[in-house]
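Visitor: This is the structure, below, for whatever I ask next.
Residue numbers (the numbering used here), protein chains in the order written: chain A, 114 to 354; chain B, 216 to 476; chain C, -10 to 219.
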């Protein structure tokens, strides 16, 4: 009986999980048995097998298999844009909460313009202020350095912030920005998206834009998402009139 | 760790002045309230209350004890509330903190002072032995308005509870339950928050972070008030207190009519 | 081994009716509720996140911290809230049962916290807690080598049984052997036992527990897929 059960499971395991484009895999699932294919993000190799390490959607891109996680905290990468809140002012830098497990640092040297010695740093960025900044360094020991010396970097004021699972940020942006453009135009809102999952919005139909983001969070793994959100926007905007 | 961004808090307050909320509710509008009883088989009575995403569990257990010397013919009740670490990132395990103790005490007072429980009927033998009623309330998911949720869960669990029996050798038989607890009426706790003359009900976690001043009102079926607690670091005017009291009593009537028939 | 010889009409190697639901605690990064008969548990994961107190921080990996707790009304006689030695032990053995499955080195200097709350207890609570915690970890998107799956097997009234109830555990000759394993590799990550028994019988009980783990593994996978069914 013991062996029977094991056999059953083995048969199940060898199944090719990359055939369908949106197949959900769980940690420990053997995605493919092959030495030709390389394990990408969200996977690892054990012997001949490529195994998923997260709950997510498996994808094959050329010779690489990767799994996009359906959930998870923000893991900072160099050149990411993030939305952060200033949490403390130190001797020569600011501490910035960028959500996720690691706090970031904004050094004086990474701020536009010249800051005099002994200057009151809170005049530049005060505690509680929000910034749209760029990650310039992620050290091995997870010291995260931000910069404001970038075209897109700026202080954010007004509006509010909605949180989205960081792995779903690409879905919110959509192919060539299609999703976010749709939400912006229909709700007449400004939207800024940090890779850390913070979405800032300000404009006419903030509540409806917020609803669209929440809907995306819930249904990011389902097909036809753009149509669903478009439909919801229509309905809500009509209600408001 | 940041609970609610400062920017978002400011935005919530600005909107409240315009009578608006980020989830499109009216200022006095509740999220959906669900009350489910009998959720734990091992408890004498239990209830799970959800308000929006807030989830609270309450259970009643009974034991025997010697009565207090000043009330030798009355049973005893203790109510406590605990934040489970799972309930929010800021909740930690360990000894109860001030907020948890206040939550438990405010809910306890609303029920106790309404005199809805006939403690005399919980006496087994005067001066010797009485029933002790434990009401344990646990916050499983915190998305605001814990006072309302915990109050509802506690009274729903008490009303759901059945009395255990005493065996011949004086131990408690938790399997053999008989009759309800001696409870008449349904005290309900309502937290009303205020901000610059606006009154807000059923705040979610972000709103709760932004709005600090509030009055928690325990009121009864006949419209009388049996407990009050003002929380927060700002002062409230007498007119505001009167308005909030009325709002709380009216709201409790609606909730009672809908959920406790 | 298939005849119904148990009070609840189960086969000797049959698990009590299982229910698993992923995503029950919205504030948490991952969560799950698991029921085995009358045993019910909710588990929730926060993290990886900043670690407090800071002295627990490890420069090269995340620290897994598990809390096992029984709600006061989960048992017949009210359990007093707070510290007790049993919960502390279980928190520790559960941590060790889950840790081999995690890539903790990917998140240096952080903590992964799991809170497991037994809402109703009828034997097998630690196994149910591990199953729920494993689901919650996967749901939180934490990198894992495998799911961890757990069940208790044992002996009561001279019969070897899978997933015993409280009633069966109270038999005079009862043996209780909770076990956890990573089903893909077959490695055992939790093993406890009490009672007098021959080494041969232990082997048989472990085999029985393995069969149980494999069945639970299928149920866990189903529960994770269920959460994301469109």
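For glycine and all other residues, C-beta sits at the position ideal for the given N, C-alpha and C.
Between residue 135(C) and chain A, is the shortest Cβ-Cβ distance under 8 Å, so that the two count as touching?
Guide: Chain A, which has a Cβ nearer than 8 Å to the Cβ of residue 135(C), makes this yes.
Visitor: For residue 258(B), which residues does DSSP report across the bridge?
Guide: DSSP output for residue 258(B) lists no bridge partner at all.
Visitor: Give a yes or no on contact between the stretch 317 to 333 of chain B and the stretch 289 to 303 of chain B, applying the rule of three or more CB pairs nearer than 8 Å.
Guide: The stretch 317 to 333 of chain B vs the stretch 289 to 303 of chain B: in contact.
Visitor: Assess, as a yes-or-no matter, whether the stretch 334 to 350 of chain B is touched by the stretch 94 to 109 of chain C under the definition of 3 or more beta carbon pairs within less than 8 Å.
Guide: The answer is no - the stretch 334 to 350 of chain B does not touch the stretch 94 to 109 of chain C, with fewer than three Cβ pairs under 8 Å.
Visitor: Relative to the C-alpha of residue 5(C), which residue among 141(C), 74(C), 45(C) and 54(C) is closest?
Guide: Nearest of 141(C), 74(C), 45(C) and 54(C) to residue 5(C), Cα basis: 141(C).
Visitor: Which class does residue 292(B) belong to by DSSP, given the choice of helix, strand or coil?
Guide: Residue 292(B) falls in the strand class under three-state DSSP.
Visitor: Distance check for residue 279(B) and residue 390(B), CA to CA, integer angstroms please.
Guide: C-alpha separation (whole angstroms): 16 Å.
Visitor: From residue 218(C) to residue 170(C), what distance separates their C-alpha atoms?
Guide: Cα to Cα, the separation comes out at about 27 Å.
Visitor: Using alpha carbons as the reference points, say which of 346(A), 261(A), 232(A) and 139(A) lies closest to residue 294(A).
Guide: Closest by alpha carbon: 346(A).
Visitor: Tell me the rounded alpha-carbon separation between residue 418(B) and residue 301(A).
Guide: Straight-line Cα distance between these residues: approximately 27 Å.
Visitor: What whole-angstrom Cβ distance do residue 368(B) and residue 264(B) have, given they're in contact under 8 Å?
Guide: Contact holds; Cβ gap of about 4 Å.
Visitor: Using only CA atoms, which one of 316(A), 206(A), 166(A) and 157(A) lies nearest to residue 132(C)?
Guide: The residue with the shortest Cα to Cα distance from residue 132(C) is 166(A).
Visitor: For residue 99(C) and chain A, any beta-carbon pair shorter than 8 Å?
Guide: Interface residue, yes.
Visitor: Taking contact to mean 3 or more Cβ pairs, one atom from each stretch, closer than 8 Å, check whether the stretch 24 to 43 of chain C and the stretch 175 to 192 of chain C are in contact.
Guide: Counting Cβ pairs under 8 Å, fewer than three are found: no touch.
Visitor: Note down, in chain order, each residue of its chain lying with its Cβ closer than 6 Å to the Cβ of residue 438(B), except the 5 sequence neighbours on either side.
Guide: If we look at residue 438(B) and ignore the five residues flanking it on each side, its Cβ neighbours are 464.
Visitor: If we define contact as Cβ-Cβ less than 8 Å, is residue 329(A) a contact residue for chain B?
Guide: With 8 Å as the cut-off, residue 329(A) does not count as an interface residue toward chain B.
Visitor: If contact means a Cβ-Cβ distance below 7 Å, which residues of the stretch 149 to 169 of chain A contact chain C?
Guide: Hits within the stretch, in order: 166, 167 and 168.
Visitor: Looking only at C-alpha atoms, which of 161(C), 204(C) and 202(C) sits nearest to residue 183(C)?
Guide: For residue 183(C), the nearest C-alpha among the options comes from 161(C).
Visitor: Going by DSSP, what residue range makes up the beta strand (DSSP E) through residue 10(C)?
Guide: It spans 7 to 11 - the beta strand (DSSP E) in which residue 10(C) sits, taken as one unbroken run.
Visitor: Just verifying my parser: in three-state terms, what is the DSSP assignment at residue 181(C)?
Guide: If DSSP states are grouped into helix, strand and coil, residue 181(C) belongs with coil.
Visitor: Hey, does residue 123(C) have any beta-carbon neighbour from chain B nearer than 8 Å?
Guide: Residue 123(C) does not count as touching chain B.
Visitor: For residue 239(B) and residue 320(A), what's the separation of their Cα atoms in angstroms?
Guide: Cα to Cα, the separation comes out at about 7 Å.
Visitor: State the CB to CB distance for the pair residue 211(A) and residue 194(A), rounded to an integer number of angstroms; the pair is presumed to be in contact (CB under 8 Å).
Guide: Actually they are not in contact, since the Cβ atoms of residue 211(A) and residue 194(A) sit about 10 Å apart, beyond 8 Å.
Visitor: Taking three-plus beta-carbon pairs below 8 Å as touching, is the stretch 407 to 422 of chain B in contact with the stretch 340 to 350 of chain B?
Guide: Judged by Cβ distances under 8 Å, the stretch 407 to 422 of chain B makes no contact with the stretch 340 to 350 of chain B, as fewer than three pairs qualify.
Visitor: Counting C-beta neighbours from all protein chains within 10 Å, is the total for residue -10(C) 16 or more, i.e. buried, or is it exposed?
Guide: Annotation note: pLDDT 44 at residue -10(C) (below 50); position unreliable, no value reported.
Visitor: Since residue 223(B) meets chain A, which of its residues come closer than 8 Å, beta carbon to beta carbon?
Guide: In chain order: 273 and 274.
Visitor: Sort out for me which residues DSSP pairs residue 157(A) with in a bridge.
Guide: Paired residues: 164(A).
Visitor: Evaluate residue 67(C) with the Cβ neighbour count: other Cβ atoms within 10 Å of its Cβ, from every protein chain shown; 16 or more gives buried, anything less gives exposed.
Guide: Label assigned to residue 67(C): buried.
Visitor: So, does the CB of residue -10(C) fall closer than 8 Å to a CB anywhere in chain B?
Guide: In this prediction, residue -10(C) scores a pLDDT of 44, lower than 50, which makes its location untrustworthy; the coordinate-derived value is nonetheless stated afterwards. No - not a single Cβ of chain B is within 8 Å of the one on residue -10(C).
Visitor: With a CB to CB cut of under 8 Å and the five nearest residues on each side skipped, what residues in its chain are close to residue 430(B)?
Guide: Excluding positions up to five away in sequence, the list reads 406, 407, 409, 443, 444, 445, 446, 451, 456, 459, 460 and 463.
Visitor: Can you tell me whether residue 118(A) is helix, strand or coil according to DSSP?
Guide: Caution applies to residue 118(A), whose pLDDT of 42 falls short of 50 and renders its modelled position unreliable; the value that the coordinates give is listed next. Here residue 118(A) sits in helix by DSSP.
Visitor: Name, going along the chain, the residues of the stretch 246 to 264 of chain A whose beta-carbon falls closer than 7 Å to a beta-carbon of chain C.
Guide: If the cut-off is 7 Å between Cβ atoms, the stretch 246 to 264 of chain A has 254 and 255 near chain C.
Visitor: Just to confirm the assignment, what range does the alpha helix (DSSP H) spanning residue 459(B) have?
Guide: Where residue 459(B) is concerned, the enclosing alpha helix (DSSP H) stretches over 453 to 474.
Visitor: Against residue 241(A), what residues of chain B qualify as contacts under a CB-to-CB distance less than 7 Å, listed in chain order?
Guide: Chain B residues near residue 241(A): 221.
Visitor: Shorter than 8 Å from the beta carbon of residue 206(A) to some beta carbon of chain C?
Guide: It does not; no Cβ of chain C falls within 8 Å.
Visitor: My output table needs one value for residue 397(B): the three-state DSSP class, helix, strand or coil.
Guide: Note: residue 397(B) maps to coil in three-state DSSP.
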